[in-house]
Amino acid sequence: METGNKLAMSRRGFFQKVGVTGVAAIAAGSSLTTLPRSAAAGVDGLIAEKLGAGSVTYAKVKIDTPSSADNGALVRMPVSVDHPMEPGNYIESIVVLVDNNPQPFICQYDFLPEAGKAEFECRIKMAKTSKVRAIAKTNSGKLYGFEKEIQVAAGGCVG
Amino acid sequence: MAVIGKPKVRGPRGAVAKGSIAEIKTLIKHPMESGLRKDSKTGQNIPAHFIENVTVEYGGKTVIKATWTGAISKNPYFSFSLKAANSGPVKVTWKDNQGGEFSASANLKVA
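So the sequences go chain by chain: A and B. Taking this note's numbering, the leading residue of the first sequence gets 68, the next gets one more, and so forth. Taking this note's numbering, the leading residue of the second sequence gets 404, the next gets one more, and so forth.
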């Protein structure tokens, strides 16, 4: 091609670039939508999305459950936070995340100080052995957390 | 079709001291289908059908609000604590992603 075809050249260059970045973008997109078999980064992103960005202090929060579960369809999840519940200084939210679940976000609980104590118990499904995290946010945006590896003998049909 | 509903809320049996923490337990029948499971016979995806929101009302306020996903076990048990302020109902409401809504209450007696 001649130099008169600068446009074509740059256009080719353009498509080559877009091609590469486009494919990269699609790959990134699909890894988010179809493969949230999350790298830890994905779960950290979820924490930031649900509770706001900030570093998590691993204190105050507790998941009081055995470190192995026979049945992944029914894993006890008692979470408590040792923090005052007074107007102006209370736990606003707690989220529970299972790193190796197809959808790591399990549940979120929002509290008013009137609740008196930031604790709950529910039962969750776990697809396989995974790190489980409970992250709490105070009304001033400070994050406290707890994480624990739970061995699952038989997966819980989460898909 | 499995039974859905039959919500139950249970508080302490007798009266509790003002200012103390009361444990409230709840139970509801629900399939909690995540939408990620396949029917083993037909190979079709089983549609998502799970409780998305749970609210706890006490003393005229929504004191606890839960957001659930299909990763909560079926027939979900849920317990929580409340600071006993005044005698009155503790009302729990469950809402699912197909428009189902269930509620039940327990009377908290504060001495």
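C-beta atoms are modelled at their ideal positions from N, C-alpha and C, and glycine is treated no differently.
Looking at the backbone, the Cα of B/S437 and that of A/V199 are separated by about 19 Å. When only Cα atoms are considered, A/I217 and B/G417 end up about 37 Å apart. For a Cβ distance threshold of 9 Å, residue set E181, A182, G183, K184 of chain A lies close to B/L485, ordered along the chain. Using a CB distance cut-off of 8 Å, B/G446 does not count as an interface residue toward chain A. For A/D137, the uninterrupted beta strand (DSSP E) run begins and ends at 135–138, by DSSP. Just so you know, the alpha carbons of B/L430 and B/E460 end up roughly 16 Å apart. Setting aside the 5 residues that flank it on each side, B/I449 is surrounded in the same chain by E436, R440, D442, each with a C-beta closer than 6 Å to its C-beta; the list follows chain order. The three-state reading of DSSP puts A/L141 in coil, since its state is none of H, G, I, E or B.
Judged by beta-carbon spacing, B/S506 lies within the 8 Å limit of B/T496, meaning their Cβ atoms are closer than that value.
The C-beta of B/N510 has fewer than 16 other C-beta atoms within 10 Å across all chains shown, which makes the residue exposed. Per DSSP, the unbroken beta strand (DSSP E) holding A/Q175 starts and ends at 172–178.
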